[in-house]
Amino acid sequence: MARCIEIVALASIVPYAGNPRAHADAQVDKIARSMDELGVINPIIVDKDNVIVAGHGRYAAAKKLGLAAVPIIRVSHLTPAQVKAFRIADNRLAELSLWDDKALAVELKELTSIELSGVEVLDLTGFEIGEIDARLEVVEKEKEPDEADLVEEPEDGPAVSQIGDC
């Protein structure tokens, strides 16, 4: 089933009153900053009545930015039970994934020197500077072996230990 992205008035979208996911102001601010700099890339998912199925944080960020219209994907083919299940799964399944710390550190490292319109790209990742530093530090430590762990190659020649040495 092909789904189309539609552009609708933000005012026509209805937040789900029983949304089990809370969005802190700091998170909404980060989403808004990303949307402001990069555009609205991730559509809000709504049911046949324009009630939000997924995307309450994006909706709040769009309101904060004063956007008149946003992209949506309408999932009118889902039953009410499927909508409820998807609403939970969309949030929960993302929580079950893990970061590949090395791959993430490589991506973050590449972004450290890039700016877009005077905004540091790292600020758009959702990570705090302290978190980024800690992730980069872990990978840097892996690259540089501790000198105490380095073992010298033995010299050629006869063994110098004997039975009873301890």
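Quick note: the sequence shown, position 62, residue 380 per the numbering used here, numbers continuous.
Idealized CB from N, CA, C, for every residue including glycine.
| Check | Outcome |
| --- | --- |
| From the DSSP output, in three-state form, read off GLU487 for me. | This structure cannot speak to residue 487, because the chain is shown only from 319 to 484. |
| Skipping 5 residues on each side, what residues in its chain have a beta carbon closer than 7 Å to that of PRO333? | ILE370, HIS374, TYR377 |
| Please give me, in chain order, every unbroken run of the beta strand (DSSP E) with length at least 3 that falls completely inside the region 374-415. | 387-392 |
| Does DSSP put VAL364 in a helix, a strand or coil? | strand |
| Buried or exposed: which applies to ALA399, given that a residue is buried once 16 or more other Cβ atoms fall within 10 Å of its Cβ? | exposed |
| Which one or two residues does DSSP pair with ALA327 in a beta bridge? | ALA387 |
| Helix, strand or coil for VAL478, going by three-state DSSP, please let me know. | coil |
| So is LEU411 buried or exposed if we call it buried at 16+ other beta carbons inside 10 Å? | exposed |
| Beta-carbon within less than 7 Å of LYS427's beta-carbon, same chain only, minus the 5 sequence neighbours each way: which residues are those? | LEU454 |
| Do ALA372 and LEU328 count as a contact pair if the criterion is CB distance below 7 Å? | no |
| Once the 5 residues before and after ASP408 are set aside, which same chain residues still bring their CB inside 8 Å of it? | ILE363, VAL371, ALA372 |
| Helix, strand or coil, according to DSSP, for GLU449 in the structure here? | helix |
| Looking at C-alpha atoms only, which residue of GLN480, GLY357, ASP354, SER394 is the closest neighbour of ASN368? | SER394 |
| Kindly indicate which three-state DSSP category ALA335 falls into: helix, strand or coil? | coil |
| Spell out the partners DSSP gives ALA372 in its beta bridges. | ILE363 |
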